[in-house]
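I have placed the structure first, in the form of structure tokens, so that the comments after it can refer back to it.
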Amino acid sequence: MVLENKKENNMFLHEAAFFISVFILFGMVFYLCKISWIAVLFLFVFVFSSLFIYGFIFNRDKILKISFLSFFILTGFFYAFWFEGKKEKMLVLPDFREVFVFKVVVSSEPIAAEKYQAMRAQLIPPYSGEILIYTDPFLEVRQGDVLKVEGKVEKREKKEPLAFFPKIEVLEKGSGGVSAKLFYFKSRTIDFFYKTIQQKEAALLSGLVFGDKEGFASEFKDNLAKSGTTHIVALSGFNITILVSAIALIFGYFFSRRLTFFLTVFAIVIFTIMVGAEASITRAALMGFIAILAPLVGRIYSVRNAIVLSALVMAVFNPEVLLSVGFQLSFLSLIGIVYLVPTIKKVFSLEERKTFLNWRENLLTTFSAQMMVAPLGLYYFGRLSIFSLAANMLILEAVPYAMAFGGILGVFGFFGDWLIFAGKTFGWFAFVVLKYQVIIIDFFANSFQWSAFNMEKGKISLFFIAGYYLIVAIIINRYKTRRFSDKNF
Numbered sequence: 001m002v003l004e005n006k007k008e009n010n011m012f013l014h015e016a017a018f019f020i021s022v023f024i025l026f027g028m029v030f031y032l033c034k035i036s037w038i039a040v041l042f043l044f045v046f047v048f049s050s051l052f053i054y055g056f057i058f059n060r061d062k063i064l065k066i067s068f069l070s071f072f073i074l075t076g077f078f079y080a081f082w083f084e085g086k087k088e089k090m091l092v093l094p095d096f097r098e099v100f101v102f103k104v105v106v107s108s109e110p111i112a113a114e115k116y117q118a119m120r121a122q123l124i125p126p127y128s129g130e131i132l133i134y135t136d137p138f139l140e141v142r143q144g145d146v147l148k149v150e151g152k153v154e155k156r157e158k159k160e161p162l163a164f165f166p167k168i169e170v171l172e173k174g175s176g177g178v179s180a181k182l183f184y185f186k187s188r189t190i191d192f193f194y195k196t197i198q199q200k201e202a203a204l205l206s207g208l209v210f211g212d213k214e215g216f217a218s219e220f221k222d223n224l225a226k227s228g229t230t231h232i233v234a235l236s237g238f239n240i241t242i243l244v245s246a247i248a249l250i251f252g253y254f255f256s257r258r259l260t261f262f263l264t265v266f267a268i269v270i271f272t273i274m275v276g277a278e279a280s281i282t283r284a285a286l287m288g289f290i291a292i293l294a295p296l297v298g299r300i301y302s303v304r305n306a307i308v309l310s311a312l313v314m315a316v317f318n319p320e321v322l323l324s325v326g327f328q329l330s331f332l333s334l335i336g337i338v339y340l341v342p343t344i345k346k347v348f349s350l351e352e353r354k355t356f357l358n359w360r361e362n363l364l365t366t367f368s369a370q371m372m373v374a375p376l377g378l379y380y381f382g383r384l385s386i387f388s389l390a391a392n393m394l395i396l397e398a399v400p401y402a403m404a405f406g407g408i409l410g411v412f413g414f415f416g417d418w419l420i421f422a423g424k425t426f427g428w429f430a431f432v433v434l435k436y437q438v439i440i441i442d443f444f445a446n447s448f449q450w451s452a453f454n455m456e457k458g459k460i461s462l463f464f465i466a467g468y469y470l471i472v473a474i475i476i477n478r479y480k481t482r483r484f485s486d487k488n489f
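In UniProt numbering, the protein residues as written are 1 to 489.
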């Protein structure tokens, strides 16, 4: 009896964690969407009353308890309100319309593009806060450098102020701490890729391993977009899954389970910092942490809870991330993989079996992810590639091998150019895998241009998008299976 009560309490805590996170996230979204606090208060009263009355009439204790958790809608709303006020108070700048001189410390590794490079910078007193700077792509700047900046700063709603191509003078070269050293290691490793593999394939490997796109030619970027394979160089949960699995396997062979856990978490943190902690990688890293923590503390690992808790952790540090395109697409594609794949298997009675190049599983994974992001993708980008399913089906199975070769080449690169011969020898095997992927990308981009569906950005109806996701949710609920201990985080 005691064990049953304990089990029931644990399951309710599991459910409570989910609903608290969801209610807080909804509250934050309501604030970010400029919904008045009075409307949110009425919404809370409606949700609370509906759940409470339903639970009371039908004698559902669980629903009654959840009704009280709806209070967290208000918690999320007022937290976002407090966070925005705190952020505005931290930003101290003169009149945005005037040219002025100020000093900054570069707080992120600059991201280079063909015609510019972008970096975040922390203002130095008498000013304070963080701004985004766009500048000359050939200016040599690293994280930790102190800069003298002269120009106008543009104030932007819901985003950090922007300094667009101001005059910049590097006053001091800084060490930048641990993150700068990690960026330096990443840069050295990428340089080693280019020394041991041909340029186009080295650029693709840099994208697969580090999410680095600096070496991509304009034509290759277009081909990735046309073939619907841009996501493979976006460092999503797929890449982190490969990384965590490999690291845990290696450490698990030599160390105890507990030590393996701490070493794997340390490796995840280091890698996340090194690649820039974008929305998709942060989400995947947090879910990876929860996945390996759950068995260690004797708790059930629920993908559902891991998804919402990861979103909540990211939103606590910056609620505005909830409106980020990358954040939304990252989580929706994950939801598609976790919930649509088993639903499709149930609907069509597909049994688990091995196929050549694992084509069926890759097809299901890609199709499910694309089904979830398609409406938002059309809304934000106005493009949908129909034949991307076939391209991804052929490419995805090769990604783990390419990343593995990249990891080994990275180890060679750590020891410097004196291992360049060994790197070139081993790099030949990496080149074969990467060349195969490049051929597939170029083929689908150039042979099926007619298959891309295009429309004007932002023209798709928000009511259509909401209806689409409601129908998908109903279908998933109709065929749902409780998914614990899932490896697809």
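Where is the CB? At the ideal position from N, CA and C, for every residue including glycine.
Here the structure is a predicted model, which is why all the values come from computation and not from measurement.
Quick check: Tyr379 and Ile471, are their CB atoms within less than 8 Å of each other? no
Strand pairing of Ile133, partner residues [DSSP]
Met119 and Ala163
Beta-bridge pairing of Gly151 - partner residues as DSSP gives them = Phe100
Segment contact, 8 Å Cβ cut-off, at least three pairs: the region 162-170 with the region 142-150:
yes
- [ ] Indicate the three-state DSSP secondary structure (helix, strand or coil) for Asn392 in the structure shown.
- [x] helix
query: Straight-line CA distance for Arg304 to Ser310?
result: 10 Å
Tell me Asn454's beta-bridge partners as DSSP assigns them. Arg383
Can you give me the start and stop residues for the alpha helix (DSSP H) that Gly423 sits inside? Ile420 to Ser447
Checklist entry - How long is the line joining the alpha carbons of Phe331 and Phe68, rounded to whole angstroms? => result 27 Å
* May I ask you to report which of helix, strand or coil DSSP gives Ile460? => coil
- Tell me where the alpha helix (DSSP H) around Ala315 begins and ends. Val303 to Phe317
### As assigned by DSSP and simplified to three states, the class of Glu169
strand
Cβ pair Gln122, Leu139 closer than 8 Å
no
- For Leu329 and Leu376, believed in contact at Cβ under 8 Å, the rounded distance: 6 Å
Candidates Leu434, Lys62, Asn454 and Val341: closest to Glu397 by CA position: Leu434
Worksheet entry | Own chain partners of Phe78 with C-beta closer than 6 Å, once the 5 adjacent residues on each side are dropped | none
Would you mind stating whether Phe387 and Phe448 have Cβ atoms separated by less than 8 Å?
yes
Checklist entry - Roughly how many whole angstroms lie between the Cα atoms of Ile131 and Ile57? => result 54 Å
Item to complete: Could you tell me how far apart the beta carbons of residue 497 and Val40 are, in whole angstroms, since I believe they sit closer than 8 Å?
Response: Residue 497 falls outside the range modelled here, since the chain spans only 1 to 489, and no answer is possible.
To the nearest angstrom, report how far apart Lys103 and Ile124 are at their CA atoms.
5 Å
**Beta-carbon separation (whole angstroms), Gln199 vs Gly211, contact threshold 8 Å** = Wrong, their Cβ atoms sit about 18 Å apart, outside the cutoff.
- For Tyr31, does the count of other Cβ atoms within 10 angstroms reach 16, so buried, or fall short, so exposed? buried
DSSP three-state label for Ser349, please.
coil
Does the beta-carbon of Asn362 have 16 or more other beta-carbons within 10 angstroms, so that it is buried, or is it exposed? buried
Whose C-alpha, out of Val45, Met11, Lys89 and Lys34, is nearest the C-alpha of Lys62? Met11
Margin query: Quick check on the burial criterion: 16 or more other C-beta atoms within 10 angstroms. Buried or exposed for residue 568?
Written below: Beyond the ends of the chain as shown, which are 1 and 489, falls residue 568; an answer cannot be given.
Open item on the list: Within a Cβ cutoff of 7 Å, which residues of the same chain sit near Lys424, ignoring the five residues on either side of it in sequence?
Closed with: Thr196
message: Which same chain residues end up closer than 6 Å to Phe81 when comparing Cβ atoms and leaving out the 5 residues on each side of it in sequence?
response: Tyr31
Label Arg257 either buried or exposed according to how many other C-beta atoms from any shown protein chain fall within 10 Å of its C-beta, with 16 as the threshold for buried.
exposed
By alpha-carbon positions, which one of Arg120, Val141 and Tyr127 ends up nearest to Ile133? Arg120
Fill in: Residue range of the unbroken alpha helix (DSSP H) whose run includes Glu88
Phe72 to Met90
Exercise for review: Grab me the residues of Phe66's own chain with a C-beta within less than 7 Å of its C-beta, minus the 5 sequence neighbours each way, in chain order.
Suggested key: Reading the sequence as shown, one finds Ile at residue 66 and not Phe. Phe19 and Leu51.
Fill in: Beta-ladder partner(s) of Ser187, from DSSP
Answer is none; Ser187 lacks a bridge partner.
Q. Does the distance from the C-beta atom of Leu243 to that of Val438 stay below 8 Å?
A. no
>> Rounded to the nearest angstrom, what separates Ser245 and Ser107 at their Cα positions?
In response: 31 Å
As an exercise, report each continuous alpha helix (DSSP H) stretch of at least 4 residues that is fully enclosed by the region 34-72, in chain order. 37-57 and 61-69
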